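For reference, the structure discussed in these notes is given below.
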Amino acid sequence: MRKVRRVLFASTIGSLEEYQAKRGGEGLVAARQVDPMVLVETLEASGLRGRGGAGFPTGRKWRTMVENRSDRVGTTVVVNGAEGEPGTFKDRSILRKNPYHVLEGALIAAHAVGADRIIFGLKRSFTIEVARVRAAMAEAEATGWSGDVALEVFEGPDEYLYGEETALLETIDGRFPFPRVAPPFRRGVRSAAERHGGARPGVTSAANVQMAGPGGETDAPPALIDNVETLANVPRIIQRGAAWFRTVGTEESPGTIVCTVTGSTRKHGVAEVIMGTPLREVIESIGGGAKEGRHIKAVMPGVANGLIPADLLDTPVSYEAMNAIGSGVGSGGFIVMDDTIDLVAVAAGVSRFLGVESCGQCTPCKQGGLKISGLLADLSRSEADERAFASMQANVAEVSDSARCYLAHQHEAVVQSVLERFPEEMAAHRSGQAPAVPPYLVAELIDINGGLAVVDGRFRDKQPDWTFDEVFSGKLPADRLGEGRYGDWTFKPREWVSVTDSED
Ligand SMILES: Cc1cc2nc3c(=O)[nH]c(=O)nc-3n(C[C@H](O)[C@H](O)[C@H](O)COP(=O)(O)O)c2cc1C
Ligand code: SF4
106 MRKVRRVLFA
116 STIGSLEEYQ
126 AKRGGEGLVA
136 ARQVDPMVLV
146 ETLEASGLRG
156 RGGAGFPTGR
166 KWRTMVENRS
176 DRVGTTVVVN
186 GAEGEPGTFK
196 DRSILRKNPY
206 HVLEGALIAA
216 HAVGADRIIF
226 GLKRSFTIEV
236 ARVRAAMAEA
246 EATGWSGDVA
256 LEVFEGPDEY
266 LYGEETALLE
276 TIDGRFPFPR
286 VAPPFRRGVR
296 SAAERHGGAR
306 PGVTSAANVQ
316 MAGPGGETDA
326 PPALIDNVET
336 LANVPRIIQR
346 GAAWFRTVGT
356 EESPGTIVCT
366 VTGSTRKHGV
376 AEVIMGTPLR
386 EVIESIGGGA
396 KEGRHIKAVM
406 PGVANGLIPA
416 DLLDTPVSYE
426 AMNAIGSGVG
436 SGGFIVMDDT
446 IDLVAVAAGV
456 SRFLGVESCG
466 QCTPCKQGGL
476 KISGLLADLS
486 RSEADERAFA
496 SMQANVAEVS
506 DSARCYLAHQ
516 HEAVVQSVLE
526 RFPEEMAAHR
536 SGQAPAVPPY
546 LVAELIDING
556 GLAVVDGRFR
566 DKQPDWTFDE
576 VFSGKLPADR
586 LGEGRYGDWT
596 FKPREWVSVT
606 DSED
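When you read off a place in the sequence shown, starting at 1, and then add 105, the result is the number in my numbering.
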C-alpha cells in the first residue's frame with residue numbers, strides 16, 4: 106500500500122519553532138492574505154469531508170456559519186477532540202504527533218467564518234493531548250501566531266455523547282452532554298465569562314435561548330464544530346490549493362483518511378491511507394491481517410454503521426463505496442472479527458455500549474435500547490426463547506423512533522446488520538447449538554501501545570444512569586438534570602485493559 110503523510114506526521118513536532126522550520130504555518134499566512142470567502146470557496150472546491158464520522162462537506166458547513174453569523178457577537182470555532190468512538194484512536198495520534206497543524210487549521214477556520222475564539226473540546230482523561238494542546242496554545246499566544254483569537258481548552262467528561270456536536274456545546278456551556286434540538290449553526294456557545302457563572306446565572310437551564318439565523322442582527326452566534334483530523338487537513342489545502350488535495354482519493358472522497366485497526370489482527374495500529382484503498386489492504390498493512398490459522402469473518406467500522414462481511418473486504422474505503430454496501434466509513438476505526446468471535450456477543454456488546462451511553466431524552470432509544478442489549482446478552486449466553494427474540498426484533502425496529510440524535514440510528518444499524526447479514530449466528534444461538542458467551546467488550550480505546558490496543562475496561566461497571574455504583578438506580582441520565590452542573594460529577598479513575606480481541 107502506498108504510504109502518504111498529510112496529517113499524521115512521521116515524527117513528533119516538539120515546538121512551534123520546529124513546526125515553522127518545517128514550513129508549518131504557511132497555510133495561515135496565505136489565509137490571512139485573502140478574503141475569508143476565498144477560503145470557504147477553496148474548501149468547497151477541495152471536496153474535503155468531515156472526518157468525525159458523518160462525512161459532511163466541510164466547505165458547505167463553513168458557508169452556513171458565515172450566513173448565520175452575528176454582527177454583534179463573535180462566532181466560536183470548536184475543535185472536536187472527544188474521540189469516544191470504540192475502535193478509533195486517530196485524533197489522539199494526530200494531536201500527540203503534532204497539535205500545531207490542527208491549531209493552524211482552526212485559526213484558518215476562525216479567519217474564514219469570522220470567529221474570535223477557538224475552543225479545543227478534549228477529555229479530562231486525555232492528559233497527554235491536553236498538555237500538548239495547552240503548550241501549543243501558550244506558544245501561539247506568546248509569539249502572536251494566534252493574533253487576536255482567544256484560545257481555550259475544555260476538558261470534558263468521558264461519556265460517548267460528549268463527542269456529539271450539540272452535546273459538546275451543551276457541556277462547554279456547563280450542562281450535561283445531552284444532545285440539543287438546535288444544530289450548531291442555530292446555537293453556539295456562550296461567552297467564557299457567562300459559562301463560568303459570571304454574567305448570567307441559571308447555567309443549568311437551556312431554556313429561553315436565542316437562535317442564530319441569517320441576517321446577523323442577533324446576540325446568538327453559531328459555532329463551527331470540526332473534527333481534529335478535518336482541521337489538520339486545512340492548512341495544506343489553503344497552502345497548496347484544492348486541486349493538490351484532489352491528487353489522491355476519489356471524486357466524492359478526495360484526500361486521505363487516518364485509520365485505526367484493532368480486534369483479531371496480528372497487531373493494532375493507526376496509519377494514514379489514501380481514500381479508496383480497499384479495506385482488505387488497510388487491514389493487512391496496518392494490522393498485519395488475520396492471526397495465524399484464522400480468517401476474518403467480519404469488520405465493524407466503529408459503532409455507527411453495519412458490520413461488513415468477509416466477502417465485501419475488497420470494498421474501497423470511501424464514503425460512497427462504504428455506503429453502497431450498506432455500511433459506512435465512520436471515523437475510520439475498523440474492529441476486525443475472526444472466526445473465533447461470536448457475532449451475537451458482538452451485537453450484545455455494541456448494544457450495551459449504546460444503551461448505557463444513551464442519555465434518555467428519547468424513550469425508545471434509552472429504554473428500548475437497554476431492552477435490546479439485555480435480550481441480546483441473554484441470547485448469547487443461553488438458548489433464546491422465541492418470544493424474547495421476537496420482542497428484540499420489535500425493539501430494534503422502534504429504537505430510533507423520534508430520536509433527537511444519531512445514536513439511536515446507530516443502534517438500529519449495527520444490530521440490524523447482524524440480524525440480516527449473519528442470520529446463521531442468531532439461528533445457532535436460538536437452536537442452542539452455539540456455546541454460551543458473554544457480551545464482547547465494546548468501549549472507548551484508551552491507548553495503542555506496542556501494537557496492542559488498550560480498551561476502557563472500566564466500562565464493564567458503568568451503569569445506565571452513568572454512575573459506577575454497585576446497583577443501577579433505575580434513573581436515566583436525563584432524570585439527573587437537577588443534580589447540579591455536569592462538571593461536578595466525579596470521575597472514576599480508568600482501569601486499563603490490554604486486549605488483542607475480545608478478552609471477556
Ligand atoms: C453519539 C455520537 C458521538 C460522536 N462522537 C464524536 C467524536 O468523538 N468526535 C468527533 O469528531 N465527532 C463525533 N461525532 C460527530 C459529531 O457530532 C460531528 O458530526 C462532528 O464533530 C463534525 O465534525 P466534522 O464535520 O469535521 O466531521 C459524534 C456523533 C454522535 C451521534
Ligand atoms: S436519541 Fe438517544 S442519545 Fe440521542 S438524545 Fe435521544 S435518548 Fe439521547
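All residues carry an ideal CB built from backbone N, CA and C; glycine is no exception. Computed from a prediction, not measured in an experiment: that's the story for all the values here.
- For E257, no alpha helix (DSSP H) run applies; the uninterrupted beta strand (DSSP E) run containing it begins and ends at 255-261, by DSSP.
- At a cut-off of 3 residues, the continuous stretches assigned as beta strand (DSSP E) that sit fully inside the segment 155-191 are 180-185.
- The set of residues whose C-beta lies within less than 7 angstroms of a heavy atom of ligand 2 reads, in chain order, L266, F283, P284, S463, C464, G465, Q466, C467, C470, K471, A508, R509, C510, L512, A513.
- Cα atoms of H516 and T361: separation of roughly 28 angstroms, rounded to the nearest angstrom.
- Secondary structure note for I430: it is in no alpha helix (DSSP H), with a DSSP letter that is neither H nor E.
- If the five residues before and after V404 are omitted, its C-beta is found closer than 6 angstroms to the C-beta atoms of I413, F439, V441, all from its own chain and listed in chain order.
- Runs of the beta strand (DSSP E) spanning 3 or more residues and lying entirely within the segment 372-448 occur at 374-379, 401-405, 438-443, in chain order.
- Distances taken from the Cβ of D331 to the heavy atoms of ligand 1 include one shorter than 7 angstroms.
- With a threshold of 16 other beta carbon atoms within 10 Å, T382 meets it and is buried.
- Distances from the alpha-carbon of S296 to those of G346, F281, V183 put V183 closest.
- In this structure, ligand 1 has a non-hydrogen atom nearer than 7 angstroms to the beta-carbon of G155.
- Short of 7 angstroms from the beta carbon of A187, and not among the five residues preceding or following it, lie these beta carbons of its own chain, in chain order: G226, K228, G261, Y267, G268, L273.
- For K476, the uninterrupted alpha helix (DSSP H) segment begins and ends at 474-486.
- For A159, the Cβ falls inside the 7 angstroms cut-off from some heavy atom of ligand 1.
- The continuous stretches of alpha helix (DSSP H) do not include V363, which lies in the beta strand (DSSP E) extending over residues 361-368.
- At a threshold of 7 angstroms, A187 counts as near ligand 1, since its beta carbon sits closer than that to one of the ligand's heavy atoms.
- Taking 8 angstroms as the cut-off, the beta carbon of P469 is found closer than this to the beta carbon of S507.
- Going by beta carbons, S198 and L336 fall outside the 8 angstroms limit.
- Excluding the 5 residues flanking it on each side, A317 has same chain C-beta neighbours closer than 8 angstroms at N173, R174, S175, F290, R291, R292, G293, T323, A325, P326, P327, in chain order.
- One Cα belongs to V449, the other to R457, and the distance between them is close to 12 angstroms.
- Beta-bridge partners of V602 (DSSP): V560.
- For A220, the enclosing beta strand (DSSP E) has its first and last residue at 220-228.
- From the listed residues V254, A214, N185, the smallest Cα separation to A159 is found for N185.
- The beta carbon of G119 sits closer than 7 angstroms to none of the beta carbons in its chain outside the five residues before and after it.
- Relative to ligand 1, K166 has its C-beta within less than 7 angstroms of a heavy atom.
- DSSP, read as helix, strand or coil, puts D140 in coil.
- When the five nearest sequence neighbours on each side are left out, the beta carbons in the same chain lying within less than 6 angstroms of the beta carbon of A452 are those of L481, V520, V523, in order along the chain.
- Between T365 and R177, the alpha-carbon positions lie close to 42 angstroms from each other.
- Buried is the label assigned to T147, since at least 16 other Cβ atoms lie within 10 Å of its Cβ.
- Listed in chain order, the non-local C-beta contacts of E131 below 8 angstroms within the same chain comprise P340, Q344, local neighbours out to five positions each way being set aside.
- At least one heavy atom of ligand 1 sits closer than 7 angstroms to the Cβ of E270.
- Between the segment 498-505 and the segment 379-397 there are fewer than three inter-stretch CB-CB distances shorter than 8 angstroms, so the stretches are not counted as touching.
- Excluding the 5 residues flanking it on each side, D561 has same chain C-beta neighbours closer than 7 angstroms at A548, E549, I551, R599, in chain order.
- As for any alpha helix (DSSP H) of minimum length 4 sitting wholly inside the segment 259-292, the runs are 270-277, ordered along the chain.
- For T352 against G192, the beta-carbon gap comes to about 29 angstroms, at or over 8 angstroms, which does not count as contact.
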